[in-house]
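Down below is the structure, laid out as structure tokens.
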Amino acid sequence: MDIGRELSKAYAKAFPKVLEAHGELYVRSGGRIGHKLLFGVPSLIIRTVGAKSGEPRTTVLTYVKDGDDYIVVASMGGAPRNPAGYHNIIKAGTVDVQVGTESFPAEVTALLPGDGDYQRLWDLADSNNGGRYAAYQRKTSRPIPVIRLRPTPDQ
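Just so you know, the UniProt record's numbering puts the end of the sequence shown at 155, numbered straight through with nothing missing.
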């Protein structure tokens, strides 16, 4: 038995559950607990409505700052399709963002390879996340979107 391989399998199986528990704690605590993941990467909460259902949706994602903007990546661990949350966020155009205990509205811009600022923002996000996004991109043929969340003045 290859212990390293078995540990990797166990980690891969447990990690989604850890992320789910982290997100639930972050949301339920009102942002007081959970701003940073176990390995120190900051995360935020996006609130919007389902593109098809119209029901409230909450998504917790890691982010990196680019000036005043928040950059997130719709990686879904390198799955073959974009996450449902990506479609909800894009359709909404404006979402509610929570970072720690602070909330604000933000304008959404999706970027794909070939778009002007994509590569710079991809590199910034990937570096912040320990190279995980590049690993996810190697697992899938779909281009993984980068999303810019630009805080907007309260209406």
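Just so you know, even glycine gets a beta-carbon here, dropped at the ideal spot from N, CA and C.
Rounded to the nearest angstrom, what separates residue i and residue j at their Cα positions?
{"i": "residue 27", "j": "residue 45", "result": "7 Å"}
{"i": "residue 181", "j": "residue 132", "result": "Only positions 1 to 155 of the chain appear in the structure, and residue 181 is not among them; the question remains open."}
{"i": "residue 69", "j": "residue 24", "result": "24 Å"}
{"i": "residue 58", "j": "residue 90", "result": "14 Å"}
{"i": "residue 55", "j": "residue 88", "result": "10 Å"}
{"i": "residue 138", "j": "residue 113", "result": "14 Å"}
{"i": "residue 103", "j": "residue 67", "result": "17 Å"}
{"i": "residue 18", "j": "residue 115", "result": "33 Å"}
{"i": "residue 62", "j": "residue 53", "result": "25 Å"}
{"i": "residue 143", "j": "residue 20", "result": "24 Å"}
Only counting the same chain, and skipping five residues up and downstream in sequence, which positions put a Cβ closer than 8 Å to that of residue i?
{"i": "residue 210", "result": "In the structure as shown, the chain starts at 1 and stops at 155, and residue 210 therefore has no counterpart that could be examined."}
{"i": "residue 141", "result": "80"}
Just to confirm, are residue i and residue j a CB contact at a threshold of 9 Å?
{"i": "residue 146", "j": "residue 121", "result": "yes"}
{"i": "residue 106", "j": "residue 152", "result": "yes"}
{"i": "residue 77", "j": "residue 136", "result": "yes"}
{"i": "residue 84", "j": "residue 51", "result": "yes"}
{"i": "residue 79", "j": "residue 48", "result": "no"}
{"i": "residue 148", "j": "residue 95", "result": "no"}
Please return the same chain residues whose Cβ sits closer than 7 Å to the Cβ of residue i, not counting the five positions on each side in sequence.
{"i": "residue 64", "result": "71, 124, 125 and 128"}
{"i": "residue 134", "result": "126"}
{"i": "residue 29", "result": "none"}
Where does residue i land, buried or exposed, given buried means 16+ other C-beta within 10 angstroms?
{"i": "residue 101", "result": "exposed"}
Any Cβ of chain B within less than 9 Å of the Cβ of residue i?
{"i": "residue 153", "result": "The structure shown has no chain B; it contains just one protein chain."}
Ignore the nearest five residues each way along the sequence and tell me which others in residue i's own chain have a CB closer than 6 Å to its CB.
{"i": "residue 31", "result": "98, 100 and 101"}
{"i": "residue 82", "result": "74"}
{"i": "residue 86", "result": "74"}
* Asked: Quick one: complete alpha helix (DSSP H) runs, 4+ long, within the stretch 53 to 98?
  -> With a minimum length of 4 residues, the continuous alpha helix (DSSP H) runs that stay inside the stretch 53 to 98 are 84 to 92.
* Asked: Which residue spans inside the stretch 100 to 153 form an unbroken alpha helix (DSSP H) run of at least 4?
  -> As far as the stretch 100 to 153 is concerned, its whole alpha helix (DSSP H) runs of at least 4 residues are 118 to 128 and 132 to 139.
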